[in-house]
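Q:
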Amino acid sequence: MASPPAPAAAAVRGTRTPGEATRSRFRPDIEGMRSVAVLLVVLYHAGVPGVSGGYVGVDVFFVLSGFLITGLLVSEVRRTGTVSLSRFYARRARRLLPMAVLVLVATAAAGALLLPPLDVPGLGSDVLAAGLYVANWHYAVGSTDYLGGGSDGSPVLHFWSLGVEEQFYVVWPLLLLLVVAVTRRGGRDGRALVPRIGLGLVVLGAVSLLLSWWLTPTTGSWAYFGLHTRAWELAAGAGAAIGLPLLRRLPRPVAAAAGWVGLVAVVGSALVYDDSTVFPGTAALVPVLGTVLLVAAGAPERARGTASLFSAPLLRYVGRVSYSWYLWHWPCLVLARLLTDGSPTAVQTAGAVVVSFLLAAGSHALVEEPVRRSPWLSASTPRSLRLGAALTALVTAVALALSPWQAWGSRDGDAVDLAVLEGSVSGPEGSATWQGAPLMSALQAREDQSRPDACYVSYSETSPPPEDVCRLVDGDGPAVALLGDSHSAHWLPAMEALARERGWSLVYYGKSACPTVDATVWQDQLERGYTECDTWRDGVLDRLADGPELDAVFVARSQTYAEKLLDGQGARLDRASSSPVWEEAARRTFPALEQVADRVVVVEDTPWAPFDVPACLSEVPAADWQTCDFDRTDRVDVDQALVDAEKAADPEDRVQFLETTSFLCPDTRETCPVVAANGGVVYADSSHLTNSVSRSLRDLLGSAVDDLDDPGRLSATS
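Under our numbering, the letters of the sequence shown match residues 13 to 730, in that order.
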């Protein structure tokens, strides 16, 4: 997070540059600004109404960090003519690592006790990435992988911002050294140094801002977490540090006015922005420039306005402990969710926030300040670096120590060969007949959901491959296609098995979170309307139109779109308002599908468990797997609103609907079993079927197809 205030600046080799202040001035208002930043982040993460854009507090931290760190570096360059990387990183080690490692180790210990055993190794990898300051890239990769699960539940997710800062601290001193070397080689004196640093800063910031503007609308989490799209924010603060001599000359009324404008920009963006804002991109300009104005407002001597406001003792104290509070607040909130089955009350959430602040205050006094100001450590750069290495080794060891919990995924002995699950489940009533421990381990179930690489794509892809590439079964019989999102992909093993048995030719096109119905939907990872889905959908229809005529097209999709539809102006609709929009989209889609296939079959969604099934199985003795069965109430027919809208869009009943709930959760039972009749775990998470169980449902799927009106050419005897 933001560093302590920069020490006094001096000119290169002791000569003062024109306009440079003769002494540095402690900036109490900077501490107050840090308090605003951390308060915005904490309120946002705690779900306080009205602070829907509180995530901009991180951007405030970025600007302040760029300002303070650059002040330190430029001061050293002016004083010594160079930058000592060893001393710089020794200071960083004393400042950042003790608190970071304390929080990571404590979080790892709490997570090992509270998380489902199957999820503990994942926490280990998160802690390792955080301890090595690469959490931003770690979460960028995880968030773009649909099968990787959500990363927002990680108790160390917030370490992504520290990764951005530390990576900037690697690049920026090296660039300063390059500028110093070029200046010396050109025979220039110290007066040419600062302008050249400023020029390098402008280039760095401009390139990063352009990348942020260009990539944010299309690359989602890569743009949100990436150094390449965030560096300009730190560069903005660095620019304020370079221009500090000029800022100190601002008339106090002008500085005060700038401060109030900046405060409105920062707080206003926190109140107006929300999770639908395309961010960072150009939207981040508002809080970033607002923070720069706040920094400028406190530059003149005896500055008033916001500088006086932020110098209040209480705000200064909160700012002083802001680094510790930032580190503690998110693990406390996540652990509160774990302790309350994911639904903490407002009082419990407030309690987690209070506990995090008390932990911050205590650890700041007992760990952060004593280590940072230790004369014994400060007197020796190698000593500080050894401390940093030892702390990094400690958090690495703790993260790796969580890996033995992986054994919980496979229970006792070796995991079963999944080939034994190839046999079909005999019927709906058979799903209750399995006795004993599941044949699949919880870990196998979690991992048993592979997709065909070329024909099942993630968010950014827009161009479907040619039809012959995605013809997964090339039979001599009827030609069918399966289309949809990940809930089409979990039916693909069953469809492939059925196609091979009946001699079908099977084409498959799937895309993450992308429905076949012609509706623009909200995409959580991209945090905007999913235009890539619209383009992909049109491309798939073109591919199918160019290929052989199809006997049937099967459309499968998740139930989640009832809460993700966008209206004509791009606003997100609630469930009550979505049915007419979905109906109209289906009215456009079904005729288009009928142009490429004789029959259109909508595969209704499967039941959704109220929890992650493999995680539940990892928490109970293997023979007690039935304790993870879940009540049918509200967990079946979860897509009924979509089905009703689709049927309303087809008044002539040309489209057929294939019900699948009875495959997994027959109405003769009060609960839905999580282990199938052949011993396979049904779900790979809370809603996606494992490949093995999907494949074993081949006969049930075939019977359901045969029971459709006019089965004709798709029957078992065709």
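Note that beta-carbon positions come from the ideal geometry of N, C-alpha and C, so glycine has one too.
For a test of the three-state rule: what should DSSP assign to arginine 463, helix, strand or coil?
A: Arginine 463: coil per DSSP, three-state reduction.
Q: Counting only runs of 4+ residues fully inside the region 588-616, write out the alpha helix (DSSP H) ranges in chain order.
A: Segments of the alpha helix (DSSP H) lying fully in the region 588-616: there are none.
Q: Nearest to serine 392 by CA position, among Glu88, Val686 and Phe100, is which residue?
A: Ranking Glu88, Val686 and Phe100 by Cα distance to serine 392 puts Phe100 first.
Q: Keeping to the same chain, check which residues put their C-beta closer than 8 Å to that of glutamine 668; ignore five residues upstream and five downstream.
A: Correct list, in chain order: Arg611, Val612, Val613, Val614, Leu720 and Asp721.
Q: So who's on the other strand from valine 687, going by DSSP bridges?
A: In the DSSP output, where bridge partners are listed per residue, valine 687 has Val693.
Q: Relative to the C-alpha of valine 183, which candidate in Phe171, Ala247 and Val717 has its C-alpha closest?
A: Comparing Cα positions, the closest option is Ala247.
Q: State buried or exposed for valine 215, treating a residue as buried only when at least 16 other CB atoms are found within 10 Å of its CB.
A: So valine 215 ends up on the exposed side.
Q: Drop a sphere of 10 angstroms on the beta-carbon of proline 731, count the other beta-carbons inside from all chains shown, and report buried for 16 or more, exposed for fewer.
A: Summary: the structure shown does not reach residue 731, with the chain confined to residues 13 through 730, and so no result is reported for it.
Q: On the DSSP letters alone, give me the boundaries of the alpha helix (DSSP H) that aspartate 550 sits inside.
A: Counting along the chain, the alpha helix (DSSP H) containing aspartate 550 begins and ends at 543-558.
Q: Ignore the nearest five residues each way along the sequence and tell me which others in arginine 327's own chain have a CB closer than 8 Å to its CB.
A: It is leucine, not arginine, that sits at residue 327 in the sequence shown. Only Glu43, Gly44, Ser47, Val48 and Leu321 meet the Cβ criterion.
Q: Check whether the region 183-197 and the region 256-271 are in contact - that is, three or more C-beta pairs closer than 8 Å.
A: Touching, no, given that fewer than three Cβ pairs across the two stretches are closer than 8 Å.
Q: Measuring alpha carbon to alpha carbon, tell me which residue in Val54, Thr289, His502 and Asp530 is nearest leucine 538.
A: Nearest option by C-alpha distance: Thr289.
Q: For leucine 455, which option in Ala141, Cys628 and Ala319 has the closest C-alpha, if you only look at C-alpha atoms?
A: It is Cys628 whose Cα lies nearest to the Cα of leucine 455.
Q: Tell me the DSSP secondary structure of aspartate 643 in three-state form.
A: Strand.
Q: Do leucine 399 and alanine 11 come within 9 Å of each other at the CB atom, strictly closer than that value?
A: Lying before the first or after the last residue shown, residue 11 is absent from the chain, which here runs from 13 to 730.
Q: Would the C-beta of arginine 385 count as close to the ligand GTP, meaning under 8 Å from any of its heavy atoms?
A: In terms of ligand content, the structure shown is empty, and the ligand GTP therefore cannot be addressed.
Q: Can you give the Cα-Cα distance for serine 715 and leucine 709, rounded to whole angstroms?
A: Taking the straight line from one Cα to the other gives about 10 Å.
Q: Could you spell out where the alpha helix (DSSP H) holding tyrosine 338 opens and where it closes?
A: That run of the alpha helix (DSSP H) goes 334-351.
Q: Could you name the residues of the same chain whose beta carbon sits closer than 8 Å to that of glutamate 606, not counting the 5 residues immediately before and after it, in chain order?
A: Once the five neighbours on either side are set aside, the close Cβ partners of glutamate 606 are Val612 and Arg666.
Q: Can you tell me the Cα-Cα spacing of methionine 452 and cysteine 526, whole angstroms?
A: So the two alpha carbons sit approximately 30 Å from each other.
Q: Is it right to say glutamine 638 is buried, meaning 16 or more other beta carbons lie within 10 angstroms of its own, or is it exposed?
A: The residue is exposed, with fewer than 16 neighbouring Cβ atoms inside 10 Å.
Q: Taking valine 117 and valine 410 to be in contact with their CB atoms under 8 Å, please state how far apart those CB atoms are, rounded to whole angstroms.
A: Confirmed, about 5 Å.
Q: Pairing CB atoms from the region 480-488 with CB atoms from the region 510-517, are three or more of them under 8 Å?
A: Yes, they touch.
Q: Using the C-alpha atoms, what's the distance from glutamate 544 back to glutamate 473?
A: Distance between the alpha carbons of glutamate 473 and glutamate 544 is about 7 Å.
Q: Under the assumption that valine 567 contacts glutamate 616 (Cβ atoms under 8 Å), give the Cβ distance between them as a whole number of angstroms.
A: Actually they are not in contact, since the Cβ atoms of valine 567 and glutamate 616 sit about 10 Å apart, beyond 8 Å.
Q: Here's a check: name, in chain order, each residue in its chain whose Cβ is nearer than 7 Å to the Cβ of histidine 57, leaving out the five neighbours to either side.
A: Closer than 7 Å at the Cβ level, and outside the excluded window around histidine 57, lie His341, Trp342 and Leu345.
Q: Comparing C-alpha positions only, which one of Leu127, Asp71 and Val565 sits nearest to aspartate 624?
A: Among Leu127, Asp71 and Val565, the Cα nearest to that of aspartate 624 belongs to Leu127.
Q: Can at least three beta-carbon pairs, one atom from the region 121-136 and one from the region 215-234, be found at a separation below 8 Å?
A: As far as the Cβ criterion goes, the region 121-136 does not touch the region 215-234, which means the pair count is below three.
Q: On a Cα-Cα basis, can you pick out the residue from Val529, Val519, Ser570 and Gln581 that is closest to leucine 556?
A: The shortest C-alpha separation from leucine 556 is found at Val519.
Q: What residue does the beta strand (DSSP E) around alanine 69 start on, and which one ends it?
A: Looking at the sequence itself, residue 69 is glycine, so the reference to alanine does not match. Glycine 69 -> not in any beta strand (DSSP E); alpha helix (DSSP H) instead, spanning 68-92.
Q: Report the partner residues of aspartate 488 according to the DSSP bridge assignment.
A: Aspartate 488 is not bridged to any residue.
Q: Are there 16 or more other CB atoms within 10 angstroms of the CB of phenylalanine 642, so buried, or fewer, so exposed?
A: Looking at its Cβ environment, which holds 16 or more other Cβ atoms inside 10 Å, phenylalanine 642 is buried.
Q: What are the complete alpha helix (DSSP H) segments, minimum 4 residues, inside the region 218-296?
A: Those alpha helix (DSSP H) runs which fall completely within the region 218-296 and span 4+ residues are 233-237, 243-254, 256-259 and 264-284.
Q: On a Cα-Cα basis, can you pick out the residue from Leu397, Leu339, Pro394 and Arg349 that is closest to leucine 370?
A: Ranking the options by Cα distance to leucine 370, first place goes to Leu339.
Q: Pair every Cβ in the region 162-182 with every Cβ in the region 203-210, then say whether three or more of these pairs are closer than 8 Å.
A: With a cut-off of 8 Å, the region 203-210 and the region 162-182 do not count as touching, because too few Cβ pairs lie within range.
Q: For aspartate 41 and chain D, any beta-carbon pair shorter than 9 Å?
A: Included in the structure is just one protein chain, with no chain D present.
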